[in-house]
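Engineer:
Protein chains: 2
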Amino acid sequence: MKVLILGIDGYLGWPLALHLIERGHQVSGLDCYIRRERVDRTGCNSLTPIADRLSRTHTLRIKQPSFVMSHDYVDNCEEFLRSVQPDAIVHLAEQPSAAYSMIGVEEAVETQTDNIIGTLRILWYMKRVCPEAHLIKLGTMGEYGTPNCDIPEGEIPFDCISGHKLPSKEYIECSMGGLIFPRRAGSWYHLTKVHDSYNIEFACRNWGFRSTDIMQGPVFGVTTDDIKDDSELTRFDYDECFGTIINRFCAQAIVNHPLTVYGVGNQTRGYLPLKDSIFCMTLAIENPPKAGEYRVFNQFERTYSANELAEIVKFAGAELNIDVKIAHYENPRKEAETHYYNPYRNKLVELGYKPTTDIFPEVKLLLGDILPFRDRVLIDKLIPQYRWDTSHRKSKTV
Amino acid sequence: MKVLILGIDGYLGWPLALHLIERGHQVSGLDCYIRRERVDRTGCNSLTPIADRLSRTHTLRIKQPSFVMSHDYVDNCEEFLRSVQPDAIVHLAEQPSAAYSMIGVEEAVETQTDNIIGTLRILWYMKRVCPEAHLIKLGTMGEYGTPNCDIPEGEIPFDCISGHKLPSKEYIECSMGGLIFPRRAGSWYHLTKVHDSYNIEFACRNWGFRSTDIMQGPVFGVTTDDIKDDSELTRFDYDECFGTIINRFCAQAIVNHPLTVYGVGNQTRGYLPLKDSIFCMTLAIENPPKAGEYRVFNQFERTYSANELAEIVKFAGAELNIDVKIAHYENPRKEAETHYYNPYRNKLVELGYKPTTDIFPEVKLLLGDILPFRDRVLIDKLIPQYRWDTSHRKSKTV
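Structure (structure tokens):
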């Protein structure tokens with residue numbers, strides 16, 4: 001299968017490329033390196049130094065060396081699509097940080113412009129070049145927020161509304177999907193994913209596109225089976241903007257900084273190791289939906305509260321003789337700190353996803369992977385400084 | 399009350415300004431004239447010549463002549479906000495045409511950028527300058543599409559979902575509103591209104607803004623009580639992009655062109671005369687929500703099918719001795735042509751909205767208003783040429 005990865009230089013893009021190549025797919029990619037620029041701009045770094053990946057592509061058994069890094073993304077994307085003629089497009093080329101989008105008006109505008117308009121352009125280019133291709137798009141579980149009710153996979157189940165006239169099962173089946181389950185996103189970034197979902201659903205309904213929209217939980221870890229001998233083939237962020245919570249906790253652990261639990265710490269989300277994310281995306285790619293179908297997957301291993309994650313990191317640290325402290329900080333975000341949370345996650349399992357059932361060894365592995373890089377941790381990036389009400393002051397412990 | 403109208407030069411903006419001034423409010427406005435440019439660009443015109451409105455502002459009893467037309471909208475908007483310090487901001491400054499947004503990639507990008515990012519900037523500027531102000535935002539009934547079920551006013555009613563764990567009444571009340579009722583928009587333009595709704599709801603939830611998001615049906619007519627002696631004080635579009643269906647039909651009627659009903663013609667929407675739109679927006683302005691409240695109004699008089707509207711125009715024409723023909727054309731849009739449609743419309747009535755209960759005399763009035771301008775009708779703009787699958791060919795009769 002010819003797979004084009006947009007945003008191939010990212011945390012998910014590169015390991016996904018290696019895995020797909022390993023499975024015999026023909027992979028090409030596009031990236032403008034803006035993720036690296038943004039991390040630089042906020043004064044952060046990747047804990048693991050990132051290799052010159054291009055120089056290592058010869059090891060990747062890419063049949064056609066079609067890997068392209070473009071700084072002229074918008075101008076080149078349609079032309080690149082035309083030259084590649086992909087069967088599947090994995091779209092990871094978005095500004096991925098919620099905290100970054102909350103810094104100020106220009107960061108919010110940058111995030112919404114790059115993500116929404118970037119994706120809109122891709123839809124139009126696909127229409128002109130490869131309308132049959134399967135678009136795999138990374139959304140986020142954060143699109144749903146914490147609505148205090150069960151969270152289905154993308155749509156309102158046809159049997160669940162009563163007391164009002166409802167979409168019938170027949171209607172939903174003939175109209176290619178039910179109504180989009182209402183979203184309740186918590187940042188300008190998360191909202192871009194909501195907007196993308198609506199735009200992509202429309203492209204499927206109006207133009208007959210096929211798409212998988214992945215509501216993914218926060219990913220953690222640094223290696224997969226394909227890159228376990230070379231951690232410099234991926235990147236690892238641990239700051240408040242680009243680092244996800246488990247990665248942040250692990251970076252804090254290895255420099256003996258208290259884990260920064262935001263607020264009460266009962267915030268619950270669905271998490272998954274990097275290798276599960278790659279596994280799931282590969283399943284989506286290799287099992288495309290039919291033409292006109294807009295398909296939503298909720299993608300995570302299982303749910304944990306922030307407090308549970310802190311405990312896991314603490315115990316994993318203990319096994320490596322790291323004494324991990326946990327502290328509660330003023331929550332920079334406006335969010336429910338105690339809430340009901342029950343997202344469904346059935347569709348990927350039906351396709352063959354076997355979740356990592358115990359993340360404890362994964363966290364221990366991660367701590368071991370990053371320990372050699374402990375001198376690279378920027379200590380002043382460990383405490384959140386961007387309040388989501390956008391006052392700029394560091395969170396204190398509570 | 400100090401009311402700032404963004405997009406004051408438009409079809410709704412100018413009559414609203416006159417009406418608010420008449421009611422004693424202090425009105426200011428901002429516009430960059432891009433609506434006029436876009437109509438020019440598509441080769442269309444306003445049927446009624448538009449007066450140099452600025453030269454007539456002396457008749458408007460504006461206490462402080464704060465009317466500003468800016469071509470540097472983005473650069474000036476925050477500064478303007480700061481000088482005006484409005485109690486209410488009516489945001490009409492968006493690209494308002496669905497057909498325009500479907501022409502091609504650049505029109506789609508222009509529409510989504512101007513509308514979504516424009517509104518996002520306004521939210522940030524409000525945050526910095528006047529977070530207590532009431533934002534009145536024009537959405538569209540088209541956000542909902544035709545979901546084949548009842549359409550509540552913005553939110554899923556708390557009592558309507560069963561068989562799954564649901565948001566409770568208590569949760570909804572404490573969380574400042576329920577879940578946004580799922581949208582099912584039918585064009586890139588309509589989608590911008592969906593995205594705006596989600597962005598604004600977030601600003602209310604996260605920053606404590608107060609906002610009224612108006613899901614308005616298509617408006618028709620050219621005069622209101624405030625401008626009935628001077629039709630050149632408003633604009634009147636009748637082309638496929640900027641003209642709404644009743645206005646299109648009336649322009650076709652006065653030049654003896656068959657009314658262009660798209661497809662079967664059972665497409666049903668909620669319509670309202672221009673004066674009702676002004677009435678409703680004034681009610682929203684004068685009855686602001688409380689801080690933190692995101693409030694949705696469905697705004698229309700009542701629902702009609704395209705066929706019913708054509709019949710009304712035909713009979714109104716007959717009373718003016720105009721022989722009106724009706725024809726069915728290939729539908730340029732992808733939409734359900736026969737469907738269930740039952741939107742609720744209670745909140746405005748509770749505030750005092752008295753709908754025009756019979757649109758027949760309104761349509762007759764409209765035909766009389768525009769008859770003197772029949773020589774200005776551009777005949778080749780009467781048949782839709784932009785297919786929403788974006789093949790460019792004129793629709794034929796069916």
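Just so you know, the protein sequences line up as chains A and B, in that order. Here the first sequence is numbered in our numbering, starting from 1 and rising by one per residue. Here the second sequence is numbered in our numbering, starting from 399 and rising by one per residue. C-beta atoms are modelled at their ideal positions from N, C-alpha and C, and glycine is treated no differently.
On the CB-based measure, 16 or more other CB atoms within 10 Å of its CB, does A/S379 come out buried or exposed?
Structural biologist: To locate residue 379 of chain A, count along the first sequence from 1; it is residue 379. It is worth fixing the name first, because residue 379 of chain A is Ile in this sequence and not Ser. By the 10 Å Cβ count, A/I379 comes out exposed.
Engineer: Going along the stretch 185 to 197 of chain A in order, which residues come within less than 7 Å of chain B, judged by CB to CB distance?
Structural biologist: Result list: A185, L191, V194, H195.
Engineer: Sorted by chain position, which residues of the same chain lie with C-beta nearer than 6 Å to A/A327's C-beta, five sequence neighbours on each side aside?
Structural biologist: One-based indexing of the first sequence puts residue 327 of chain A at position 327. Here the set comprises P258, T397.
Engineer: Between the Cα of B/Y636 and the Cα atoms of B/S426, B/V722, B/E706, B/R772, which residue gives the shortest distance?
Structural biologist: Counting from 1 along the second sequence, the entry for residue 636 of chain B is found at position 238. Among B/S426, B/V722, B/E706, B/R772, the Cα nearest to that of B/Y636 is on B/R772.
Engineer: Is A/K2 helix, strand or coil when you go by DSSP?
Structural biologist: Residue 2 of chain A sits at position 2 when you count from the first residue of the first sequence. In this structure, A/K2 counts as strand in the three-state DSSP scheme.
Engineer: Alpha carbon to alpha carbon, how far is A/L274 from A/E94?
Structural biologist: On the first sequence, residue 274 of chain A is found 274 positions in, with the first residue counted as 1. On the first sequence, residue 94 of chain A is found 94 positions in, with the first residue counted as 1. Distance between the alpha carbons of A/L274 and A/E94: 18 Å.
Engineer: Please tell me whether A/V109 has its Cβ less than 8 Å away from any Cβ of chain B.
Structural biologist: By 1-based counting over the first sequence, the position of residue 109 of chain A is 109. Yes, contact with chain B.
Engineer: Taking Cβ-Cβ distances shorter than 7 Å, what residues in chain A pair up with B/V503?
Structural biologist: The residue given as residue 503 of chain B occupies position 105 in the second sequence. Correct list: R121, W124.
Engineer: Per DSSP, which residues does B/F634 bridge with? Please list them.
Structural biologist: The residue labelled residue 634 of chain B in the question sits at position 236 within the second sequence. Paired residues: none, contrary to the question.
Engineer: Compare the C-beta of A/F427 with all C-beta atoms of chain B and state if any pair is closer than 8 Å.
Structural biologist: Chain A is shown from 1 up to 398; residue 427 of chain A falls before or after that span and cannot be answered.
Engineer: Taking the straight line between their C-alpha atoms, what separation do you get for B/L414 and B/T680?
Structural biologist: Indexing the second sequence from 1 puts residue 414 of chain B at position 16. Indexing the second sequence from 1 puts residue 680 of chain B at position 282. Approximately 8 Å, taken between the alpha carbons.
Engineer: Nearest chain B C-beta to A/T356 closer than 8 Å, yes or no?
Structural biologist: For the purposes of this step, residue 356 of chain A is taken as the residue at position 356 of the first sequence. Output row for A/T356: interface = no.
Engineer: Could you tell me which whole alpha helix (DSSP H) segments of length 4 or greater appear in the stretch 255 to 308 of chain A?
Structural biologist: 274 to 286, all fully within the stretch 255 to 308 of chain A.
Engineer: Identify the continuous alpha helix (DSSP H) that holds A/Q26 and give its terminal residues.
Structural biologist: Here residue 26 of chain A refers to the residue found at position 26 of the first sequence. A/Q26 -> not in any alpha helix (DSSP H); beta strand (DSSP E) instead, spanning 26 to 31.
Engineer: Determine the extent of the beta strand (DSSP E) in which B/I613 is found, giving its start and end residues.
Structural biologist: Here residue 613 of chain B is taken as the residue at index 215 of the second sequence, counted from 1. As written in the sequence, residue 613 of chain B is Met, which differs from the Ile given in the question. Segment 608 to 614, the beta strand (DSSP E) holding B/M613.
Engineer: What is the DSSP secondary structure of B/D773, counted as helix, strand or coil?
Structural biologist: Here residue 773 of chain B refers to the residue found at position 375 of the second sequence. In this structure, B/D773 counts as helix in the three-state DSSP scheme.
Engineer: Would you check if the distance between the CB atom of B/P529 and the CB atom of B/W586 is smaller than 8 Å?
Structural biologist: On the second sequence, residue 529 of chain B is found 131 positions in, with the first residue counted as 1. On the second sequence, residue 586 of chain B is found 188 positions in, with the first residue counted as 1. Against a cut-off of 8 Å, the Cβ pair of B/W586 and B/P529 comes out as no contact.
Engineer: Within this structure, are the beta carbons of A/L81 and A/L138 separated by less than 8 Å?
Structural biologist: Position 81 of the first sequence, counting from 1, holds the residue named residue 81 of chain A. Position 138 of the first sequence, counting from 1, holds the residue named residue 138 of chain A. Going by C-beta atoms, A/L81 is not nearer than 8 Å to A/L138.
Engineer: Quick one: using the 10 Å Cβ neighbour count with 16 as the cut-off for buried, is B/G798 buried or exposed?
Structural biologist: Past the edges of chain B, shown from 399 to 796, lies residue 798 of chain B, and the structure says nothing about it.
Engineer: Alpha carbon to alpha carbon, what distance is there between B/I643 and B/N740?
Structural biologist: Stepping through the second sequence from its first residue, residue 740 of chain B is reached at position 342. Stepping through the second sequence from its first residue, residue 643 of chain B is reached at position 245. Roughly 20 Å between the two C-alpha positions.
Engineer: Count the other C-beta atoms from every protein chain shown that fall within 10 angstroms of the C-beta of A/A318, then say buried if there are 16 or more, exposed otherwise.
Structural biologist: Here residue 318 of chain A is taken as the residue at index 318 of the first sequence, counted from 1. It counts as exposed.
Engineer: Can you confirm whether A/T113, when its beta carbon is compared against all beta carbons of chain B, has any partner nearer than 8 Å?
Structural biologist: In the first sequence, the residue the question calls residue 113 of chain A occupies position 113. By this cut-off, A/T113 is an interface position.
Engineer: Is the beta carbon of B/V617 closer than 8 Å to that of B/P670?
Structural biologist: By 1-based counting over the second sequence, the position of residue 670 of chain B is 272. By 1-based counting over the second sequence, the position of residue 617 of chain B is 219. This sequence places Leu at residue 670 of chain B; Pro is not what is there. Their beta carbons are under 8 Å apart, which means B/L670 touches B/V617 by this criterion.
Engineer: Out of A/G221, A/R269, A/K347, A/T303, point me to the one whose CA is closest to A/V296's CA.
Structural biologist: Translated into positions along the first sequence, residue 296 of chain A becomes position 296. The shortest C-alpha separation from A/V296 is found at A/K347.
Engineer: For the candidate residues B/V653, B/D674, B/Y751, whose alpha-carbon lies nearest to that of B/N719?
Structural biologist: Against the second sequence, residue 719 of chain B aligns to sequence position 321. Out of B/V653, B/D674, B/Y751, B/V653 has the C-alpha closest to the C-alpha of B/N719.
Engineer: Nearest-angstrom Cα distance between A/F315 and A/F360?
Structural biologist: For this step, residue 315 of chain A is matched to residue 315 along the first sequence. For this step, residue 360 of chain A is matched to residue 360 along the first sequence. If I take the Cα positions, the gap works out to 8 Å.
Engineer: Cβ closer than 9 Å: which chain B residues qualify as neighbours of A/K347?
Structural biologist: Locating residue 347 of chain A in the first sequence gives position 347, where the first residue counts as 1. Per Cβ cutoff of 9 Å: no residues; A/K347 is ~17 Å from chain B at best.
Engineer: What is the rounded straight-line gap between the Cα of B/Y738 and the Cα of B/N664?
Structural biologist: Here residue 738 of chain B refers to the residue found at position 340 when the second sequence is read from its first residue. Here residue 664 of chain B refers to the residue found at position 266 when the second sequence is read from its first residue. Between B/Y738 and B/N664, the C-alpha separation is close to 10 Å.
Engineer: Among the residues of its own chain, which have a CB less than 7 Å from the CB of B/P730, if the five just before and after it don't count?
Structural biologist: Taking the second sequence and counting its residues from 1, the one referred to as residue 730 of chain B is at position 332. Y660, P782, Y784, R785, W786, S793, listed in sequence order.
Engineer: Near A/A203, which residues of its chain fall below 6 Å by C-beta distance, leaving aside the five closest residues on each side in sequence?
Structural biologist: For the purposes of this step, residue 203 of chain A is identified with residue 203 of the first sequence, where counting begins at 1. Once the five neighbours on either side are set aside, the close Cβ partners of A/A203 are L123, F209.
Engineer: Residues of chain A with CB under 9 Å from B/F600, in chain order?
Structural biologist: Within the second sequence, numbered from 1, the residue matching residue 600 of chain B stands at position 202. Near B/F600 (Cβ distances below 9 Å), the residues of chain A are R184, A185, G186, S187, W188, H190, L191.
Engineer: My output table needs one value for A/I103: the three-state DSSP class, helix, strand or coil.
Structural biologist: Residue mapping note: residue 103 of chain A aligns to position 103 of the first sequence, counting from 1. In the structure shown, A/I103 sits in coil (DSSP, three-state: anything other than H, G, I, E or B).
Engineer: Run through DSSP, which three-state label would B/I515 get?
Structural biologist: Along the second sequence, read from residue 1 onward, the residue named residue 515 of chain B stands at position 117. It is helical.
Engineer: Cα-Cα, which of A/G154, A/A310, A/P147, A/V222 is closest to A/V324?
Structural biologist: Stepping through the first sequence from its first residue, residue 324 of chain A is reached at position 324. Considering only alpha carbons, the answer is A/A310.
Engineer: With DSSP as the reference, please indicate the residues paired to B/T795 in a beta bridge.
Structural biologist: Within the second sequence, the letter at position 397 stands for residue 795 of chain B. According to DSSP, B/T795 bridges with B/Y727.
Engineer: May I ask you to list, following chain order, the residues of the stretch 718 to 733 of chain B that have a beta carbon less than 8 Å from some beta carbon of chain A?
Structural biologist: Under the 8 Å Cβ criterion, the stretch 718 to 733 of chain B contributes K732.
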